[in-house]
Amino acid sequence: MSSQPLYAILFTGWFSGFLTDVDPENDHDNGLTEQRLEQWRPLWQNPFIDPDLGLSSKSDYNPTPTPGGDVDDEKLTERPAMSRGTTSLSKQSSVVKPAKVTHAGPTWVNLFYDLAWTASFASLTQNGKLDGPWDMASYATFFLLVWWLWASQTLYSIHFYTNDWVHLLSTLVQLIIFGLLAATTRGYSFIAYILESPGMDTLDPKTMEEMVDPVRYQEDRITYYSLKVIACSVAASRTILWLQHILVYGFAYFAAREKKLTIPLKLYILPIGLVISNILFWVSAGITCSEKGKTVLGAELKFILWLVGLIVEVALHHIMERLDWERTSFTSTNESSISHDAPPQPVLLKTPIELQQPSITRQQWPVPHTNVNLRERLEGITTVVIGEGLNGIAGTLYSVLSAPGFGGPVAANIACTAIIIYFLAYFYAEGPTGHRNPSGSSVRHMWLTPLLKKGVKNQFIMTSYLSTALKTFRQFDKIMGDQQIALDDPTSQTNMPMKNFLLKRGVVWADEFNQLNETVTNNGTISPSEVDVEKFRDQVGIWNMRISLKIMTAFYTNFMGKDSNIKPSIEARIKEYYVNDTLPLKDWNEEPELPSSYYYESIITELLETHLQGARYIVALAGAIFISLGIMNRIHSKPRDRFQWGIVMSRIFMGFALLILLTLNAGSIQSLWVWDYQEGQQAGVFRWIWAWMVLPTLAIAFGTEFLIELVLLRCSGLAIARKRGRINTSLWRAFFSRPLSWPNRAK
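Numbered by the working numbering, the letters in the sequence shown go through residues 1126 to 1872 in order.
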């Protein structure tokens, strides 16, 4: 038995340290002391003074310059050419490298902020309608607005974020703002109160008090409150950013007074300039919240003020980023960094001993530095945006696969969709060089990516919808012929093949049979054998057209999932088709010059209007993405070899090749429906749709570009091996004879 007391056993085992403190002198727990002191963050910190965590007795500010203090870490990978003219002793002594003051904040804050931004942006693509050009305009304006909220705050965090409660709580407020934006995207519209009233296709100046239609009243209410919340949220975020820069200027004032320095010019730009943008955004919010916000002038003025405010802020941030920390005025660059204790002498008049000793006492302005990396955050949110679209596509895939008898092209389109999404992420991440130019980093976020994903999803739905419908009606005609359905046969009402076939497609066979029987026999007053042949044929035709529309409507609801809300105007036409015998009878008997004139086909066309418009322009989106990828790669780093140029140019050429496919929109008949003899006059885009080749064409383009880049990368590797003497033949001979992976690869 141990003689140790029980409390000693407990507090030296599982509960060790329960009654003690962390010893900073004997901290062997992976920096537990630093973690405790960092978590006990102060209310605020001066970004221009080293954070004092109590780990040493050093002063707060260490004037020792850090090499490359004002150089972005991403630029260190680039090696600019050295000039012999810069190696003189006089020029070496004139190089002033500012002192870097590092403030490392918790990475989870930045990640949480980025996810909140992604949620607000994704809500627009999920809840909003991207049907036509004005919907694209709504998308573009919201994207630019919300993207700049993120970008401006991220630029602030890169320079001035400190691990204190002020910044932590300001991040919380920004998260609330993004949450409000995400919750109000449903009612956001660029043309609301400008070209049309909410819930209507035209502009109606009625006020909410004058409205009697509950649907329109609800739409107007949602739109009005959404626009008010968006306007006030954007203005509030601008005020928070301005207050943060005011606080930074205050810290700079105290640091300059303590160090006897002059505040850099760049620290004046935003505290003063953001006053202008704040006024613009708050005036816009005031107009939106007033009754003038529902007028055409007020609604237009709101977007004009937003645009001017964004231009002002972008220009101010551009000016600030281009100014050096040493510049204290527009005419002097380094007055504040030199303390004139003794007048400097020309280098040629100094003795060798004097050349070895500094004659000028230099004190640099402390440059704040954080652990925020703009490139990594842009890559992260872009990856999240790309991945976010997979949820919608996966939901659509489930709806399609759960549909009975889906057509053969569905499997091919599933594979094509996977290829497009995968290579979209691959081309974004796998650029021709790892070097990045921070000045072009903002180009990295491809705002067209969500639109392409939306377009791919819509084309997948339309292909599945049409192919499944064609297969269904072929099977329906075959079953009707095989089963020999007769109205005077009581067993026909319970025919199991017909019952099971229609039940899977949302139609009850017994109800449809009884309805046809009652119509033909005048509710049982006459025998089916006594019915006039012409009347019987017409009634069967009406019944056939209506049951076909029911199947197509059920398919649409099933495939669209949560986006299956049918427009009220289309819903009214469908209901009229079910009660007005003239419409289906006309479709059954008449043969117009264009099949699109059929009432039935016109309803299907309206249901697929968004998808048909997307088929016209999806190649433009894909082409624009390829072109933007090539331009982005050129902006980020100057190509250094022919293979890098090859990848850049191949992406641009592939983009223009896809843009050429826009000529498919040409044709005298702009309709999905034509007679066989009219196919030569039909626009190519519709024949492209019926060939089920929309997504396969894009997949072929993405796959071809991948193979081109794979060949160029292979040739680039062989060129390096030839430079090192590993191969002594031409690249094309080595391309097929040399193994793809050689074991003695040089490091």
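Every residue gets a Cβ at the ideal spot worked out from N, C-alpha and C, and that includes glycine.
(message) Here's the rule I'm using: 16 or more other beta-carbon atoms within 10 Å means buried, otherwise exposed. How should arginine 1204 be labelled?
(response) Here the question's residue 1204 lines up with position 79 in the sequence shown. The predicted position of arginine 1204 is uncertain, since its pLDDT is 42 and thus under 50; a value taken from the coordinates is nonetheless stated next. By the neighbour-count rule (16 or more Cβ atoms within 10 Å), arginine 1204 is not buried but exposed.
(message) If you reduce the DSSP assignment to three classes, tell me which class threonine 1453 lands in.
(response) The sequence position of residue 1453 within the sequence shown is 328, counting from 1. Looking at threonine 1453 - three-state DSSP - the assignment turns out to be coil, as it is neither helix nor strand.
(message) Any contact between the region 1733-1744 and the region 1575-1585? By contact I mean 3 or more CB pairs, one from each, below 8 Å.
(response) yes
(request) Taking only runs that begin and end inside the region 1328-1365, name each unbroken beta strand (DSSP E) of 3 or more residues, in chain order. (result) none
(request) Examine the Cβ distances between the region 1300-1315 and the region 1229-1245 and report whether three or more of them are shorter than 8 Å. (result) yes
(request) Pull up the CB-CB distance for alanine 1377 and alanine 1410, whole angstroms please, since I reckon it's below 8 Å. (result) Locating residue 1377 in the sequence shown gives position 252, where the first residue counts as 1. Locating residue 1410 in the sequence shown gives position 285, where the first residue counts as 1. With 8 Å as the limit, alanine 1377 and alanine 1410 do not qualify as a contact, their Cβ atoms being about 30 Å apart.
(request) Within 10 angstroms of the Cβ of serine 1652, are there 16 or more other Cβ atoms? Answer buried if so, exposed if not. (result) Position 527 of the sequence shown, counted from the start, is the residue given in the question as residue 1652. So serine 1652 counts as exposed.
(message) Cutting at 8 Å between CB atoms, please list the residues of its own chain near proline 1717, excluding the five before and the five after it.
(response) Reading the sequence shown from its first residue, position 592 is the one you call residue 1717. Around proline 1717: Tyr1723.
(message) Quick check on DSSP: helix, strand or coil for glutamate 1716?
(response) Position 591 of the sequence shown, counting from 1, holds the residue named residue 1716. Of the three classes helix, strand and coil, the one that applies to glutamate 1716 here is coil, per DSSP.
(message) Once DSSP output is grouped into helix, strand and coil, what is the label at serine 1567?
(response) For the purposes of this step, residue 1567 is taken as residue 442 along the sequence shown, with counting starting at 1. Residue confidence for serine 1567 is low, a pLDDT of 49 falling below 50, so the modelled location carries little weight; the figure read from the coordinates is stated next. If DSSP states are grouped into helix, strand and coil, serine 1567 belongs with the helices.
(message) To test your reading of the DSSP string, which unbroken alpha helix (DSSP H) runs of 4 or more residues are found completely within the region 1661-1721?
(response) 1693-1704 and 1707-1714
(request) Would you identify the three-state DSSP class for valine 1492, choosing helix, strand or coil? (result) Here residue 1492 refers to the residue found at position 367 of the sequence shown. Residue state, collapsed to three classes: strand.
(request) With DSSP as the reference, please indicate the residues paired to glutamate 1321 in a beta bridge. (result) Against the sequence shown, residue 1321 aligns to sequence position 196. Glutamate 1321 pairs with Ala1317.
(message) Cutting at 7 Å between CB atoms, please list the residues of its own chain near leucine 1526, excluding the five before and the five after it.
(response) One-based indexing of the sequence shown puts residue 1526 at position 401. Once the five neighbours on either side are set aside, leucine 1526 has no close Cβ partner at all.
(request) Alpha carbon to alpha carbon, how far is isoleucine 1852 from arginine 1788? Give it in angstroms, no decimals. (result) Here the question's residue 1788 lines up with position 663 in the sequence shown. Here the question's residue 1852 lines up with position 727 in the sequence shown. The question names arginine, but residue 1788 in the sequence shown is threonine. In a straight line, the C-alpha of threonine 1788 is about 47 Å away from that of isoleucine 1852.
(message) Quick check: isoleucine 1539 and threonine 1597, are their CB atoms within less than 8 Å of each other?
(response) Walking along the sequence shown from the start, residue 1539 turns up at place 414. Walking along the sequence shown from the start, residue 1597 turns up at place 472. Going by C-beta atoms, isoleucine 1539 is not nearer than 8 Å to threonine 1597.
(message) Assuming proline 1299 is part of the alpha helix (DSSP H), what are its boundary residues?
(response) Within the sequence shown, numbered from 1, the residue matching residue 1299 stands at position 174. Before going further, note that residue 1299 is glutamine rather than proline in the sequence given. Run containing glutamine 1299: 1290-1308, per the alpha helix (DSSP H) assignment.
(request) Give me the Cα-Cα distance between glycine 1755 and isoleucine 1833, rounded to the nearest whole angstrom. (result) In the sequence shown, residue 1755 corresponds to position 630, counting from 1. In the sequence shown, residue 1833 corresponds to position 708, counting from 1. Rounded to whole angstroms, glycine 1755 to isoleucine 1833 spans 14 Å at the Cα level.
(message) Suppose contacts are defined by Cβ-Cβ distances below 8 Å. Is proline 1330 in contact with aspartate 1345 by that definition?
(response) Locating residue 1330 in the sequence shown gives position 205, where the first residue counts as 1. Locating residue 1345 in the sequence shown gives position 220, where the first residue counts as 1. Taking 8 Å as the Cβ cut-off, proline 1330 and aspartate 1345 do not qualify as a contacting pair.
(request) Whole angstroms is fine: what's the gap from aspartate 1712's alpha carbon to alanine 1262's? (result) Numbered from its first residue, the sequence shown carries residue 1712 at position 587. Numbered from its first residue, the sequence shown carries residue 1262 at position 137. Approximately 38 Å between the Cα atoms of the pair.
(message) Does isoleucine 1388 come out as helix, strand or coil in the three-state DSSP assignment?
(response) For the purposes of this step, residue 1388 is identified with residue 263 of the sequence shown, where counting begins at 1. In this structure, isoleucine 1388 counts as coil in the three-state DSSP scheme.
(message) DSSP three-state label for isoleucine 1651, please.
(response) Indexing the sequence shown from 1 puts residue 1651 at position 526. Isoleucine 1651 falls in the coil class under three-state DSSP.
(request) Alpha carbon to alpha carbon, how far is histidine 1443 from tryptophan 1090? Give it in angstroms, no decimals. (result) The requested residue 1090 is not part of the displayed model; the chain covers only 1126 to 1872.
(message) So, for phenylalanine 1811: in the same chain, excluding its five sequence neighbours on each side, which residues have a beta-carbon less than 6 Å away from its beta-carbon?
(response) To locate residue 1811, count along the sequence shown from 1; it is residue 686. The answer, listed in chain order, is Leu1797.
(request) Determine, using beta carbons only, whether glutamine 1618 and leucine 1820 come nearer to each other than 8 Å. (result) As a working note, residue 1618 is residue 493 in the sequence shown. As a working note, residue 1820 is residue 695 in the sequence shown. No, the pair does not count as a contact, with Cβ atoms beyond the cut-off.
(request) Just the C-alpha distance for glutamate 1451 and valine 1492, rounded to the nearest angstrom, thanks. (result) Position 326 of the sequence shown holds residue 1451. Position 367 of the sequence shown holds residue 1492. Answer to the nearest angstrom: the Cα atoms are 10 Å apart.
(message) Under DSSP, the alpha helix (DSSP H) around alanine 1528 begins and ends at which residues?
(response) Within the sequence shown, residue 1528 is the residue found at index 403, counting from 1. No alpha helix (DSSP H) contains alanine 1528, which DSSP labels as neither H nor E.
(request) Decide yes or no for the touch test of the region 1394-1403 against the region 1428-1443: beta carbon pairs closer than 8 Å, at least 3 of them. (result) yes
(message) Please return the same chain residues whose Cβ sits closer than 6 Å to the Cβ of leucine 1328, not counting the five positions on each side in sequence.
(response) Working through the sequence shown from its first residue, we reach residue 1328 at position 203. So the qualifying residues of the chain are Glu1321 and Ser1322.
(request) Just mark asparagine 1625 as buried or exposed, buried being the case when its beta carbon has 16 or more other beta carbons within 10 Å. (result) Counting from one through the sequence shown, the residue named residue 1625 turns up at place 500. Exposed, by the Cβ-count rule.
(request) Determine, using beta-carbon pairs with one atom in the region 1691-1699 and one in the region 1653-1673, whether at least three such pairs fall under 8 Å. (result) no
(message) Considering only their Cβ atoms, is the gap separating phenylalanine 1638 from alanine 1528 smaller than 8 Å?
(response) Residue numbering aside, residue 1528 sits at position 403 when the sequence shown is read from its first letter. Residue numbering aside, residue 1638 sits at position 513 when the sequence shown is read from its first letter. No, the pair does not count as a contact, with Cβ atoms beyond the cut-off.
(request) Measure how close the beta-carbons of glutamate 1830 and arginine 1759 come, nearest whole angstrom, since I'm counting them as under 8 Å. (result) Position 705 of the sequence shown holds residue 1830. Position 634 of the sequence shown holds residue 1759. About 16 Å separates the two Cβ atoms, so there is no contact after all.
(message) Could you give the first and the last residue of the continuous alpha helix (DSSP H) run that contains threonine 1730?
(response) Position 605 of the sequence shown, counted from the start, is the residue given in the question as residue 1730. Per DSSP, threonine 1730 belongs to the alpha helix (DSSP H) from 1724-1732.
(message) At the level of alpha carbons, what is the spacing between leucine 1448 and glutamine 1369?
(response) Here residue 1448 refers to the residue found at position 323 when the sequence shown is read from its first residue. Here residue 1369 refers to the residue found at position 244 when the sequence shown is read from its first residue. Each residue's Cα considered, the two are about 19 Å apart.
(request) Thinking leucine 1352 and glycine 1312 are a contact (beta carbons under 8 Å), I'd like their distance in whole angstroms, please. (result) In the sequence shown, the residue the question calls residue 1352 occupies position 227. In the sequence shown, the residue the question calls residue 1312 occupies position 187. Leucine 1352 to glycine 1312, Cβ: 7 Å. Contact.
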